[in-house]
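Student:
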Amino acid sequence: MTDEQIRDEIQRAISEERVMLFMKGTPDMPRCGFSARVAQILNATGVDYAAMDILPDPRIREQLSGLSGWPTIPQLFVKGELVGGCDIVTEMFESGELSETLGVEQPARAEPAVQQTPAQAPPLQIE
Amino acid sequence: MPTTDEVKERIERALPGAKASVTDLTGGGDHLRAEVVYDGFAGLSRIEQHRLVYDIFNGEIGGAIHALSLKTSFEAPEGET
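Those protein sequence lines, which keep their order, are chains D and Y. Each residue of the first sequence is one higher than the last, beginning at 0 in numbering that gives the first Met the number 0. Each residue of the second sequence is one higher than the last, beginning at 0 in numbering that gives the first Met the number 0.
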């Protein structure tokens, strides 16, 4: 594959997938704690999403960061726009903004945005 | 590999008036976390706020700095909470 083909494939994924996660590893087998956390958060929201593993070829990451202007992995895109990496997605999940951005109902066990993260989402607290 | 103090100084130098606190998450010097309070973040999206900080370390994140975790905020103006 040429660099251009890789870039086209990334661009296609960003524009065609409503919720697109670029990560290290896969949602089932993440290869980095930051990627694992974002995949877990998306799973908790119940949204349908597509994921691409950037590890198989170092050029995937180069091309992705070139397109997005964002240096780190993971990167979450919704409707073609970069939402953020692990820090931003975590903050948005805790405040309830993420469900809004994703267009899904906030998980029932989550409290309204004014409250600090209660006991929900225990999988995210393994650190 | 820049130290936490160097990272703090570089953020505060690049963003005038910003206050940064930088910690080393793992003790290995390559997974850093910075909490940055900067008035210039007001009105920017989170992505834009983080980009302002990432841009200071252009090319070093993913390299010498394996990971820089960020939390950005700004002081709410008088009268707002």
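Even glycine gets a Cβ: it sits at the ideal position worked out from N, Cα and C. These numbers come from a predicted model, not from an experiment.
Measuring only the C-alpha atoms, how far is residue 20 (chain Y) from residue 25 (chain D)?
Tutor: Here residue 20 (chain Y) corresponds to residue number 21 of the second sequence, with the count starting at 1. Here residue 25 (chain D) corresponds to residue number 26 of the first sequence, with the count starting at 1. Going from the Cα of residue 20 (chain Y) to the Cα of residue 25 (chain D) covers about 33 Å.
Student: Take the Cβ of residue 93 (chain D) as the centre, count every other Cβ of all protein chains shown within 10 Å, and call the residue buried at 16 or more, exposed below.
Tutor: Counting from 1 along the first sequence, the entry for residue 93 (chain D) is found at position 94. With 16 or more other Cβ atoms within 10 Å, it is buried.
Student: Flag residue 60 (chain Y) as yes if its beta-carbon sits less than 8 Å from any beta-carbon of chain D, otherwise no.
Tutor: Sequence index remark: in the second sequence, residue 60 (chain Y) carries index 61 (1-based). Yes, because at least one Cβ of chain D sits closer than 8 Å to the Cβ of residue 60 (chain Y).
Student: Does residue 2 (chain D) pass the burial test, meaning 16 or more other C-beta atoms within 10 Å, or should it be called exposed?
Tutor: On the first sequence, position 3 is the one that residue 2 (chain D) refers to. By the neighbour-count rule (16 or more Cβ atoms within 10 Å), residue 2 (chain D) is not buried but exposed.
Student: So the alpha helix (DSSP H) residue 98 (chain D) belongs to, where does it begin and stop?
Tutor: On the first sequence, residue 98 (chain D) is found 99 positions in, with the first residue counted as 1. Counting along the chain, the alpha helix (DSSP H) containing residue 98 (chain D) begins and ends at 96 to 101.
Student: Which chain Y residues are close to residue 87 (chain D), counting only those with a beta carbon under 8 Å from its beta carbon?
Tutor: Looking up residue 87 (chain D) in the first sequence gives position 88. Here the neighbours are 45, 46 and 49.
Student: Show which residues of chain D have a CB atom less than 7 Å away from the CB atom of residue 53 (chain Y).
Tutor: On the second sequence, residue 53 (chain Y) is found 54 positions in, with the first residue counted as 1. Those within 7 Å of residue 53 (chain Y) in chain D are 70.
Student: List in chain order: all unbroken alpha helix (DSSP H) runs of 4+ residues lying wholly within the region 10 to 46 of chain D.
Tutor: Segments of the alpha helix (DSSP H) lying fully in the region 10 to 46 of chain D: 32 to 44.
Student: Look up residue 40 (chain Y) in the DSSP assignment and say whether it is helix, strand or coil.
Tutor: Against the second sequence, residue 40 (chain Y) aligns to sequence position 41. In the structure shown, residue 40 (chain Y) sits in a helix (DSSP, three-state: H, G or I).
Student: Give the C-beta separation of residue 78 (chain D) and residue 17 (chain D) to the nearest angstrom, bearing in mind that I take them to be a contact with Cβ-Cβ under 8 Å.
Tutor: Taking the first sequence and counting its residues from 1, the one referred to as residue 78 (chain D) is at position 79. Taking the first sequence and counting its residues from 1, the one referred to as residue 17 (chain D) is at position 18. Yes, residue 78 (chain D) and residue 17 (chain D) are in contact; Cβ-Cβ is about 6 Å, under 8 Å.
Student: Nearest-angstrom Cα distance between residue 32 (chain Y) and residue 2 (chain Y)?
Tutor: By one-based count along the second sequence, residue 32 (chain Y) stands at place 33. By one-based count along the second sequence, residue 2 (chain Y) stands at place 3. Taking the straight line from one Cα to the other gives about 12 Å.
Student: Assuming contact is defined by CB atoms lying nearer than 8 Å, are residue 88 (chain D) and residue 101 (chain D) in contact in what I supplied?
Tutor: Position 89 of the first sequence, counted from the start, is the residue given in the question as residue 88 (chain D). Position 102 of the first sequence, counted from the start, is the residue given in the question as residue 101 (chain D). Contact: no.
Student: By DSSP's criteria, residue 51 (chain D) is part of a beta bridge. Which residues make up the other side?
Tutor: Taking the first residue of the first sequence as position 1, residue 51 (chain D) is located at position 52. Residue 51 (chain D) is bridged to D:21.
Student: At least one CB of chain D closer than 8 Å to the CB of residue 68 (chain Y): is that the case?
Tutor: By 1-based counting over the second sequence, the position of residue 68 (chain Y) is 69. Answer yes: the Cβ-Cβ gap between residue 68 (chain Y) and chain D drops below 8 Å somewhere.
Student: Helix, strand or coil for residue 23 (chain Y) per DSSP?
Tutor: Translated into the one-based positions of the second sequence, residue 23 (chain Y) becomes position 24. The answer is strand: DSSP assigns residue 23 (chain Y) an E or B state.
Student: Quick check: what's the CA-CA separation for residue 15 (chain Y) versus residue 45 (chain Y)?
Tutor: Translated into positions along the second sequence, residue 15 (chain Y) becomes position 16. Translated into positions along the second sequence, residue 45 (chain Y) becomes position 46. The straight-line gap from Cα to Cα measures roughly 19 Å.
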